[in-house]
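As structure tokens, the structure follows; a few thoughts come after it.
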Amino acid sequence: MCLRSSSYTSPKPCKHLADYKLRHAFDGYDSLQNCLKTTPIGRTRVDNHNTKIPRCNFCNGYLGRLYICLMCSSISCSTHILLHTQSKSGHDVAIDIERSELYCCLCCDQVYDPDFDKVVVSEQIKGSCPGRSNKRRRLDSGMELDLKKSKWLIAMRDGRAKSCYPLGLRGLNNLGNTCFMNSVLQALLHAPPLRNYFLSDHHNRDECKRRYGEKLCLLCEIGALVSAMFSGDRSPYSPAQFLYSWWQHSSNLASYEEQDAHEFFISVLDGIHEKESKVRNSSKDDGDCQCIAHRAFSGSLRSDVTCTICGFTSTTYDPCVDISLNLDTVNLSAAEKTGLSTLSGCLNLFTRAERLGSDSKLHCQNCQELRDTSKQLSISRLPLVLCLHIKRFEHSLIRKTSRKIDQYLQFPFALDMTPYLSSSIVRSRFGNRIFAFECENSDSSAEYEIFAVIAHSGMLESGHYVTYLHVNNHWYKCDDAWICEVDEGIVRASQCYMLFYVQKLLYYKANKDLSCNASVESR
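For the sequence shown, the working numbering begins at 810 and goes up steadily by one.
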């Protein structure tokens, strides 16, 4: 195991939380431990003994987020929590009842504290996996339930408890509006090429120079994160050092504010590419890049722009690491918008020829003047891991408004991308009258299996991201620190935002390798 850089510093804690701990130490945490309850799905929540249904002391409401004050145990809703803080001096820190996460009422944000984290995780360890018997749940009352003994406790569980979470499934603590990060990390770390790359120690943290310029090595932190996720430890992990490293690489996104999961995904791949390019001294463009990010996610799009007068076609190729798809709600009636959208419909829309407007005339090389044109996109090269981004957030520059599209999308678990390849699109355009296609890859499979879904719930301004992972033929919901098994119907009904598919042959090989590793671990 590599040593941590001595120059590393954790993100600055909330000053209001620091003031609270300075005045009251762990008094509030200790009293809270008696109120923590682990639900059947493994989530730890605050159970207020004074009432069965917690209600806001101001409006008597019980819907939405509710918070309990660490000082006086007063319950307030998200609307009135600031009013409670303003009316009582020093009552700045509260706890989200449903999620057992610290919340600063003055910062209006989630905050992270490792000491509080230990209290919650200890309670979660005392709880059981779904289906575990009450007899097995009882532990020696003299046993010290701390994080250092979590591995020992897991080893004491019966066979059923051992298998409740497959190897690699581990919750990630929310460090303050970081559900966007946690959801993407869960998907990335279960992408077979990326996972195998770091588990095989291809980026050796001991040999790597941890700094280039003034930045930490993002690949080293991802490697440490992969090691922690696949260590066999089931207690939630806090990716604080990775977050700090990502901030160093993406300073424009460095804040505790909620970020877009898709933007974070792109920035992480850019960070990996940037680091590996410097190590390899490579100047190749993304299409020929051999960094692990592009080897796993990079594909190529073909763009055909055709003159509507003479039929001359200009073709360009561009590398891509994901494909962004419209839900096509613009041309739907109000009745149709409540109906069914399909992923195949989105892909058909993406690869459909589009007539460019008269204000977008392009210079035709054959006519030698500006002409009306049509444009058609297709996929010339498929990646090992296919990421499909569903455009659920619309931003109008003219109206200066933004909104979220809640349209339901039906997506398959097995996906054949053959109809959207350039070879299929061009042959269809010319009536199958061409005999060969120069960009057709015979060695690339077009059949994919899904392994991760990132879903977004709530509104544009105050939403929440979760990830559904398909591991060993079971679906698991990763909601920050909480992981539970769910039925596939829950996954299909989710508001999918990012879909992750892997080539079918690689998918089955990866599952086989993961099962072998799990068997070795259980011995």
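The beta-carbon is built from N, C-alpha and C at its ideal position, and this holds for glycine as well.
Just list the residues that DSSP pairs Y876 with in beta bridges.
Indexing the sequence shown from 1 puts residue 876 at position 67. Per DSSP, S885, D905.
Work out the CA separation of N983 and E1083 for me, nearest whole Å.
Working through the sequence shown from its first residue, we reach residue 1083 at position 274. Working through the sequence shown from its first residue, we reach residue 983 at position 174. Roughly 27 Å between the two C-alpha positions.
Alpha carbon to alpha carbon, how far is T888 from F867? Give it in angstroms, no decimals.
The residue given as residue 867 occupies position 58 in the sequence shown. The residue given as residue 888 occupies position 79 in the sequence shown. Taking the straight line from one Cα to the other gives about 9 Å.
Is it buried or exposed, M1268, if we count other Cβ atoms within 10 angstroms and call 16 or more buried?
Position 459 of the sequence shown holds residue 1268. So M1268 ends up on the exposed side.
Looking at C-beta atoms only, is the number of pairs between the segment 1171 to 1189 and the segment 1105 to 1121 that lie closer than 8 Å three or more?
yes
Name the two residues that bound the continuous alpha helix (DSSP H) containing H1273.
Against the sequence shown, residue 1273 aligns to sequence position 464. Here H1273 belongs to no alpha helix (DSSP H); instead the beta strand (DSSP E) covers 1272 to 1280.
Following a CB-centred definition, is V928 positioned closer than 7 Å to any heavy atom of the ligand SAM?
Absence of the ligand SAM is noted for the structure shown, with no ligands found whatsoever.
Just mark H893 as buried or exposed, buried being the case when its beta carbon has 16 or more other beta carbons within 10 Å.
Locating residue 893 in the sequence shown gives position 84, counting from the first residue. Label assigned to H893: buried.
Inter-residue Cα distance where the pair is K1213 and A1255
Taking the sequence shown and counting its residues from 1, the one referred to as residue 1213 is at position 404. Taking the sequence shown and counting its residues from 1, the one referred to as residue 1255 is at position 446. Cα-Cα distance, rounded: 31 Å.
Classify Q1068 as buried or exposed, calling it buried when 16 or more other Cβ atoms lie within 10 Å of its own Cβ.
Translated into the one-based positions of the sequence shown, residue 1068 becomes position 259. Buried is the call here.
Buried or exposed, going by whether 16 or more other CB atoms sit within 10 Å of the CB of G873?
Numbered from 1 along the sequence shown, position 64 holds the residue referred to as residue 873. By the 10 Å Cβ count, G873 comes out exposed.
If you check the beta carbons only, do I884 and L875 fall under 8 Å apart?
Along the sequence shown, one-based indexing puts residue 884 at 75. Along the sequence shown, one-based indexing puts residue 875 at 66. Cβ distance < 8 Å, so I884 and L875 count as in contact.
Mind reading off the beta-carbon distance from S1109 to R1190? Whole number of angstroms is fine, and I expect it under 8 Å.
Taking the first residue of the sequence shown as position 1, residue 1109 is located at position 300. Taking the first residue of the sequence shown as position 1, residue 1190 is located at position 381. Correct: roughly 4 Å between the Cβ atoms.
In its own chain, which residues sit with a C-beta less than 7 Å from the C-beta of C1100, not counting the 5 before and 5 after it?
On the sequence shown, position 291 is the one that residue 1100 refers to. Cβ within range, chain order: I1081, H1082, E1085, S1086.
D918 in three-state terms, based on DSSP
On the sequence shown, residue 918 is found 109 positions in, with the first residue counted as 1. Strand.
On the DSSP letters alone, give me the boundaries of the beta strand (DSSP E) that Q1185 sits inside.
For this step, residue 1185 is matched to residue 376 along the sequence shown. First-last of the beta strand (DSSP E) with Q1185: 1182 to 1190.
So the candidates are L1193, S1233, V1130, L915; which of them puts its Cα closest to the Cα of Y1316?
Position 507 of the sequence shown, counting from 1, holds the residue named residue 1316. Among L1193, S1233, V1130, L915, the Cα nearest to that of Y1316 belongs to L1193.
Go through its chain and collect everything with a Cβ distance to R1111's Cβ below 6 Å, but skip five positions before and after it.
Taking the sequence shown and counting its residues from 1, the one referred to as residue 1111 is at position 302. Correct list, in chain order: Y1126, S1187, S1189, S1231.
Spatially closest choice to S898 from R908, C878, I904, by CA coordinates:
Position 89 of the sequence shown, counted from the first residue, corresponds to residue 898. That would be C878, whose Cα lies nearest to the Cα of S898.
Neighbourhood of S1183 by C-beta, 8 Å cutoff - its chain only, sequence neighbours within 5 removed
Counted from its first residue, the sequence shown places residue 1183 at position 374. Answer for S1183: V1114, T1115, T1117, A1162, E1163, R1164, L1165, listed in chain order.
Give every residue of the same chain whose Cβ lies closer than 6 Å to the Cβ of V1295, excluding the five residues on either side of it in the sequence, and list them in chain order.
One-based indexing of the sequence shown puts residue 1295 at position 486. Excluding sequence neighbours, V1295 sits near W1284, K1286.
Are there 16 or more other CB atoms within 10 angstroms of the CB of D1015, so buried, or fewer, so exposed?
Reading the sequence shown from its first residue, position 206 is the one you call residue 1015. D1015 is exposed by the Cβ-count criterion.
In the structure shown, what three-state DSSP assignment does M990 receive?
Taking the first residue of the sequence shown as position 1, residue 990 is located at position 181. Helix, per DSSP.
Compute the beta-carbon to beta-carbon distance between L1078 and A1102, rounded to the nearest angstrom, for a pair I have assumed lies under 8 Å.
To locate residue 1078, count along the sequence shown from 1; it is residue 269. To locate residue 1102, count along the sequence shown from 1; it is residue 293. The pair is a contact, with the Cβ atoms about 4 Å apart (cut-off 8 Å).
Rounded to the nearest angstrom, what separates N1013 and C1029 at their Cα positions?
Counting from 1 along the sequence shown, the entry for residue 1013 is found at position 204. Counting from 1 along the sequence shown, the entry for residue 1029 is found at position 220. Their Cα atoms are separated by approximately 8 Å.
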